[in-house]
Each structure stands twice: as C-alpha cells, then as structure tokens.
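Peer 1: Residue numbering for the sequence shown is 0 to 267, as defined by numbering that gives the first Met the number 0.
We put the CB at the ideal spot given by N, CA and C, even for glycine.
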Amino acid sequence: MGRLVEIITSSEMEVRNRSLDVICSRATLPELFEEARSLDTFRRHSDNLYEQVRALFFLYAIYRFHLPAKPGLVRRGLIPYRGYEHLLQRRFEEAIDAFLEAATRDGMNEGIASALAEAYRRLGFQTLADQVRRSVRSVRGNQWMFRVGHPADHPLRIRQELLAQTPQGLYPILHEATPVRMDLSHSGWSDIFFLGMDFPEGARVLNVSIDLGVHGRDSYPRPPVEAYIRVIDAPVLRFVSVDLGAVAEVRELAEVFDFARDYLGLLK
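Right, dumping it as structure tokens:
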C-alpha cells in the first residue's frame with residue numbers, strides 16, 4: 000500500500016491529516032510514479048465514494064503540481080489524440096487509460112501529465128455529480144430526475160390557462176420572482192457533501208433566501224431572480240438568459256439534464 004493510499008484509508012487522525020504536499024515534495028520522481036500507480040489502482044477497485052474521490056484529487060494534484068516540479072521529467076512530448084478526443088467528449092475513464100498507455104509505451108512527459116491531471120480532476124467532479132443524482136433520485140417522487148426518456152415520464156404539466164391564445168395570437172406569460180440563495184459558511188466549499196465526509200466541521204452551512212435592493216434607489220428589497228415561461232409554436236424548449244445574453248434550444252429531453260452542454264445549466 001502506498002503512503003498516499005494509507006492517508007485515505009487510515010482511521011488514525013494523525014495519518015489522515017498528513018500533508019499531501021509534504022510527502023510529494025520529498026518523494027523522488029520514481030517514488031512519485033509509484034504513488035500515482037498505487038492510487039490509480041486503489042481508486043479503480045474501491046467501492047467507497049469518499050475513497051474514490053479523494054484518490055482522484057490526489058492524482059490531480061500529483062500530475063498538475065508535483066510531477067512537473069521534479070527534475071528528470073521530460074518537458075516535451077506528444078499527447079495521444081485518442082485520449083484528447085475522449086477528454087473532449089467527457090469520457091474521462093477512457094481518456095485516462097489512453098494517456099497512461101501512452102506514458103507506459105513512450106514514457107511520461109509534462110504534456111501527458113497535464114492531460115492526466117485534467118482528466119482526473121474532471122472525473123472527480125463527475126463522480127460527485129453522479130452521487131448527487133443518485134441521492135436525489137433515491138427520494139420517492141424524484142425518480143424521474145436526470146432520466147427522462149419520454150414526455151410522459153416528466154411529472155410537470157403545462158396548465159390549461161397557458162395554452163389559451165390571446166387575441167394577438169400569443170400565449171400568456173407566467174412570471175415568477177424568487178429570492179437568491181446564499182450560503183453562510185466559513186468554508187469555500189459550503190454545500191459540497193464530499194467536504195462533509197472529510198471534514199464535517201468545515202461543511203457546516205446556513206442556507207438563507209435573501210431579497211436584494213440597491214441602497215438609495217429601491218424603497219424595499221425585492222426577489223432578484225426572475226423567470227418567465229410562455230408556450231411557443233415550436234417543438235423545442237428554448238432557454239434565454241438576459242443576464243448572460245445566451246440562448247439554448249433543447250430538442251431532446253435528455254439534453255435537459257446535460258448541464259455542461261451550454262452556459263444555461265443553472266437555468267435548466
């Protein structure tokens with residue numbers, strides 16, 4: 000077992016709280032390669048979400064910050080295009096396999112290390128997002144979330160009042176204004192549950208809803224988040240953000256939950 004794997008699995012606080020930076024800075028280049036290999040093998044075989052994610056971010060830190068600082072690492076080299084394609088298409092496991100295969104065949108270089116760092120980082124966040132989806136869908140009534148294959152699977156329906164055309168040929172507009180959510184916390188990762196697993200004291204947060212107003216201009220605070228919905232004569236879901244100046248059209252229901260597809264993921 001590698002020293003970094005021991006940090007993740009140990010039940011002793013003095014071991015779990017050891018500094019990744021200290022261990023990596025003292026390790027030689029071959030030792031760091033071996034630690035990375037051990038971490039990758041460990042995270043592939045672990046069924047524990049916490050262990051998987053922490054190992055992924057350890058690997059990100061190694062390849063992004065510590066390996067490039069070691070003397071002896073080749074500064075120039077090629078990145079396999081197949082791995083780059085996988086990375087662009089968010090197939091991070093396949094990208095990692097392609098980059099590691101190239102490093103084994105041709106030797107590790109700074110370019111491949113950078114590509115591996117990006118793949119590990121993105122896979123870490125994807126793993127967390129997948130767990131959020133599973134957690135949300137485990138609640139009765141939320142089984143439809145993130146997995147809608149047919150309009151009938153979606154529990155929301157358009158009210159009949161919104162389907163009645165006005166004399167001008169348009170449909171009515173439904174308007175909603177809500178407060179903005181703010182997280183009061185001494186931690187920069189306030190509502191990320193992974194922090195709660197690793198450092199519960201740092202994950203304490205107070206969620207509040209706040210109306211906003213400009214001092215000296217507004218007579219009273221108002222809900223700052225506004226949304227409008229109107230039925231249109233087209234088989235699409237058209238999302239428009241005034242603040243971002245962005246428009247996205249959804250033509251397949253599966254795209255509703257593809258939050259990384261465009262800049263309107265939060266609006267979705």
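With 16 other CB atoms within 10 Å as the buried threshold, where does glutamate 225 fall?
Peer 2: The sequence position of residue 225 within the sequence shown is 226, counting from 1. Result: exposed.
Peer 1: According to DSSP, simplified to helix, strand and coil, what is leucine 169?
Peer 2: Counting from one through the sequence shown, the residue named residue 169 turns up at place 170. Of the three classes helix, strand and coil, the one that applies to leucine 169 here is coil, per DSSP.
Peer 1: Which residues mark the beginning and the end of the alpha helix (DSSP H) in which valine 4 is found?
Peer 2: Here residue 4 corresponds to residue number 5 of the sequence shown, with the count starting at 1. Run containing valine 4: 2-8, per the alpha helix (DSSP H) assignment.
Peer 1: Applying the 10 Å Cβ sphere with the 16-neighbour rule, what's the burial state of asparagine 108?
Peer 2: Your numbering for residue 108 matches position 109 in the sequence shown. Buried: at least 16 other Cβ atoms inside 10 Å.
Peer 1: Using only the alpha-carbon positions, how far apart do methionine 12 and serine 18 sit?
Peer 2: Indexing the sequence shown from 1 puts residue 12 at position 13. Indexing the sequence shown from 1 puts residue 18 at position 19. Cα-Cα distance, rounded: 12 Å.
Peer 1: So what does lysine 245 bridge to, in DSSP terms?
Peer 2: Translated into positions along the sequence shown, residue 245 becomes position 246. Going by the sequence as given, residue 245 is alanine instead of lysine. Ser240, per the DSSP bridge assignment.
Peer 1: In angstroms with no decimal places, state the Cα-to-Cα distance between proline 154 and isoleucine 172.
Peer 2: Here residue 154 refers to the residue found at position 155 of the sequence shown. Here residue 172 refers to the residue found at position 173 of the sequence shown. Taking the straight line joining both Cα atoms gives about 21 Å.
Peer 1: Would you kindly work out how many angstroms separate the C-alpha atoms of serine 9 and leucine 243, rounded to a whole number?
Peer 2: Locating residue 9 in the sequence shown gives position 10, counting from the first residue. Locating residue 243 in the sequence shown gives position 244, counting from the first residue. Distance between the alpha carbons of serine 9 and leucine 243: 46 Å.
Peer 1: Excluding the five sequence neighbours on either side, which residues of its own chain have a C-beta within less than 7 Å of the C-beta of aspartate 20, listed in chain order?
Peer 2: Here residue 20 refers to the residue found at position 21 of the sequence shown. Result list for aspartate 20: empty, nothing under 7 Å.
Peer 1: Please report how far the alpha carbon of arginine 121 lies from the alpha carbon of glutamate 160, in whole angstroms.
Peer 2: Here residue 121 is taken as the residue at index 122 of the sequence shown, counted from 1. Here residue 160 is taken as the residue at index 161 of the sequence shown, counted from 1. Each residue's alpha carbon lies about 44 Å from the other.
Peer 1: Mark valine 235 as exposed unless 16 or more other C-beta atoms lie within 10 angstroms of its C-beta, in which case mark it buried.
Peer 2: As a position in the sequence shown, residue 235 is number 236, starting the count at 1. With fewer than 16 Cβ atoms within 10 Å of its Cβ, valine 235 is classed as exposed.
Peer 1: Where does isoleucine 111 fall in DSSP's three states?
Peer 2: Reading the sequence shown from its first residue, position 112 is the one you call residue 111. Correct three-state label for isoleucine 111: helix.
Peer 1: Find out if the Cβ-Cβ distance for the pair leucine 205, leucine 183 is shorter than 8 Å.
Peer 2: Here residue 205 refers to the residue found at position 206 when the sequence shown is read from its first residue. Here residue 183 refers to the residue found at position 184 when the sequence shown is read from its first residue. Taking 8 Å as the Cβ cut-off, leucine 205 and leucine 183 qualify as a contacting pair.
Peer 1: Does the region 27-36 come close enough to the region 87-97 that 3 or more CB-CB pairs lie under 8 Å?
Peer 2: Flag = no, the region 87-97 and the region 27-36 do not touch.
Peer 1: Within a Cβ cutoff of 8 Å, which residues of the same chain sit near tyrosine 262, ignoring the five residues on either side of it in sequence?
Peer 2: Residue numbering aside, residue 262 sits at position 263 when the sequence shown is read from its first letter. Answer for tyrosine 262: Ser240, Leu243, Ala245 and Ala247, listed in chain order.
Peer 1: Please classify leucine 205: does DSSP put it in a helix, a strand, or coil?
Peer 2: Translated into the one-based positions of the sequence shown, residue 205 becomes position 206. Three-state result, leucine 205: strand.
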